[in-house]
Amino acid sequence: MTEGVFQFGDFVLVEPARTLSRNGEVQDLGSRYFDALCLLVRHPDELITKDRFMAEIWSGVPVTDEALTQCIRTLRRTLGDDAGKPRYIRTVPKHGYRFVADVRAGQQQAAPQGQDRGAGHIVAATTLGGALSGVIGGFAYGLLATTGGAGPVLSLILLTVALSVIGAAAIGAGMGVACLVRGGSLSALLAGGILGGFAVGAAGQALAASGLVAITGVAPGPSTGMVEGAGLGLACAASLALVRHRELRAAAGIFAALAIGAAVMGVLSVAGARSYAETLAMVELRFPASQLRIGPMVAQFGAPLFAVAEGMLFAASITAANLYVRHRSPRK
Numbered sequence: 214m215t216e217g218v219f220q221f222g223d224f225v226l227v228e229p230a231r232t233l234s235r236n237g238e239v240q241d242l243g244s245r246y247f248d249a250l251c252l253l254v255r256h257p258d259e260l261i262t263k264d265r266f267m268a269e270i271w272s273g274v275p276v277t278d279e280a281l282t283q284c285i286r287t288l289r290r291t292l293g294d295d296a297g298k299p300r301y302i303r304t305v306p307k308h309g310y311r312f313v314a315d316v317r318a319g320q321q322q323a324a325p326q327g328q329d330r331g332a333g334h335i336v337a338a339t340t341l342g343g344a345l346s347g348v349i350g351g352f353a354y355g356l357l358a359t360t361g362g363a364g365p366v367l368s369l370i371l372l373t374v375a376l377s378v379i380g381a382a383a384i385g386a387g388m389g390v391a392c393l394v395r396g397g398s399l400s401a402l403l404a405g406g407i408l409g410g411f412a413v414g415a416a417g418q419a420l421a422a423s424g425l426v427a428i429t430g431v432a433p434g435p436s437t438g439m440v441e442g443a444g445l446g447l448a449c450a451a452s453l454a455l456v457r458h459r460e461l462r463a464a465a466g467i468f469a470a471l472a473i474g475a476a477v478m479g480v481l482s483v484a485g486a487r488s489y490a491e492t493l494a495m496v497e498l499r500f501p502a503s504q505l506r507i508g509p510m511v512a513q514f515g516a517p518l519f520a521v522a523e524g525m526l527f528a529a530s531i532t533a534a535n536l537y538v539r540h541r542s543p544r545k
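Each residue of the sequence shown is one higher than the last, beginning at 214 in my numbering.
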């Protein structure tokens with residue numbers, strides 16, 4: 214037997230690992246909602262008053278009764294419960310709630326299927342978000358950064374999509390591994406995103422440099438690489454962690470991603486990191502015969518502005534894709 218492990222119905226709640234699984238599949242719950250479920254499960258058949266929820270779950274933070282109502286509604290939806298015919302959570306009108314299911318001390322079991330699925334969702338959704346970011350960014354830069362015409366625009370869109378997808382897939386893989394190893398904890402997601410972005414940035418920078426030298430004989434100047442990749446990984450992981458561990462609606466999650474992406478890439482740009490737009494400007498400078506014309510824009514508006522815009526787009530696209538996949542994922 215393992216302390217802090219409870220079984221009820223088809224569910225296993227592992228409080229130390231902060232996981233709730235149903236038939237081996239991990240269920241997604243926000244941090245406070247998980248804490249509320251733990252409070253109920255630890256005290257079966259006991260009335261948990263509204264005041265106690267507020268004191269122990271919200272720690273005295275002033276919230277309305279609607280926050281608790283939404284919490285219980287989400288728990289019932291996750292458990293497949295019915296307020297009219299409760300099997301798990303019964304409302305005690307004007308007082309609070311009672312957990313009415315039979316709770317048994319459980320034996321902690323690995324849930325590879327659920328965690329694999331959670332990791333797979335992160336990788337797939339993050340890659341999808343990278344594709345979305347690449348299409349939007351590629352189209353924008355295709356119109357702004359070239360002399361125009363279908364050929365240059367399409368080429369830049371394809372290049373941007375390819376780079377964005379590869380980078381997002383690496384960041385997603387890093388976060389997916391973190392989900393498998395540490396259950397998707399905040400620190401693990403951040404470390405996974407940073408390491409994934411750093412690795413793909415370093416590899417891309419090395420390949421781009423050697424490739425340009427091999428093809429053209431011209432060595433490129435400083436370009437987007439491991440530092441920028443790590444920054445984007447941090448922004449994406451922080452945004453995703455915020456969405457996963459807080460009770461944020463989709464609009465709030467995307468707004469948070471915009472703010473985090475802007476903050477991370479803005480700071481890095483001021484510190485000397487190079488945006489994708491600056492890399493294109495560098496290629497334009499090295500190869501005057503190219504159809505790139507973004508250098509004057511970067512000089513006029515400043516490199517940090519482009520870095521901020523790129524960070525916002527990348528983080529928000531990946532967060533939106535993760536929210537979409539999470540919403541579309543079937544619950545058993």
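Even for Gly, the Cβ is constructed at its ideal location relative to N, Cα and C. Remember, it's a predicted structure, so these values are computed and weren't measured experimentally.
What are the boundary residues of the alpha helix (DSSP H) that includes residue i?
i    : result
E279 : 278 to 292
L505 : First-last for L505: undefined, no H or E at that position.
V254 : 244 to 255
G466 : 463 to 483
Classify residue i as buried or exposed, calling it buried when 16 or more other Cβ atoms lie within 10 Å of its own Cβ.
i    : result
V274 : exposed
L536 : buried
R317 : exposed
D248 : buried
V483 : exposed
G361 : exposed
R290 : exposed
F514 : exposed
T532 : buried
T232 : buried
S436 : buried
S272 : exposed
G479 : buried
How big is the Cα-Cα spacing for residue i and residue j?
i    : j    : result
L518 : V390 : 33 angstroms
V276 : H308 : 17 angstroms
G297 : T304 : 9 angstroms
T339 : A268 : 36 angstroms
T359 : M510 : 11 angstroms
R311 : T373 : 54 angstroms
A381 : L288 : 32 angstroms
R506 : A465 : 36 angstroms
S244 : L399 : 11 angstroms
C392 : I335 : 9 angstroms
A419 : V413 : 10 angstroms
L345 : M495 : 25 angstroms
A416 : L526 : 22 angstroms
A534 : A522 : 18 angstroms
D278 : R265 : 12 angstroms
M439 : L376 : 13 angstroms
E216 : A463 : 35 angstroms
V348 : G364 : 16 angstroms
R487 : T262 : 54 angstroms
E491 : E238 : 45 angstroms
Y246 : I285 : 8 angstroms
G355 : S530 : 19 angstroms
A332 : A314 : 30 angstroms
Apart from the five residues on each side of it in sequence, which residues of its chain come closer than 7 angstroms, Cβ to Cβ, to residue i?
i    : result
D294 : R300, Y301, I302
V394 : A401
G508 : A494, E497, L498
Could you please give the first and the last residue of the uninterrupted beta strand (DSSP E) stretch that includes residue i?
i    : result
F219 : 218 to 221
V239 : 238 to 240
Y570 : Outside the shown range of the chain, which is 214 to 545, sits residue 570, and nothing can be said about it.
S234 : 232 to 235
R303 : 302 to 305
V225 : 224 to 227
G309 : 309 to 312
T262 : 260 to 262
Using beta carbons (cut-off 8 angstroms, strictly below), is residue i in contact with chain C?
i    : result
L402 : Chain labels in this structure do not include chain C; a single protein chain is all it has.
Using a Cβ-Cβ cutoff of less than 6 angstroms, which residues in the same chain neighbour residue i once the five nearest sequence positions on both sides are dropped?
i    : result
E448 : Residue identity differs from the one stated: residue 448 is Ala in this sequence, not Glu. Cβ within range, chain order: I473, G474, V477, G524, A528.
P257 : F312, V316
P325 : The predicted position of P325 is uncertain, since its pLDDT is 46 and thus under 50; no value can be drawn from it.
L481 : G444
F219 : L226, V254, V316, G319
G409 : A383, I384, A386, G387, G446
L403 : A450
L292 : Y301
E228 : G217, C251
Starting from the C-beta of residue i, find all residues in its chain whose C-beta is less than 8 angstroms away, skip the five residues before and the five after it, and write them out in chain order.
i    : result
L371 : G351
I407 : G387, A443, G446, L447, A450
L260 : V305, H308, G309, Y310, R311
V538 : H334, A337, A338, L341
Do the stretch 468 to 476 and the stretch 437 to 455 touch if we need at least three Cβ pairs shorter than 8 angstroms? A contact between stretches requires three or more CB pairs, one per stretch, nearer than 8 angstroms, and the stretch 468 to 476 meets this requirement with the stretch 437 to 455.
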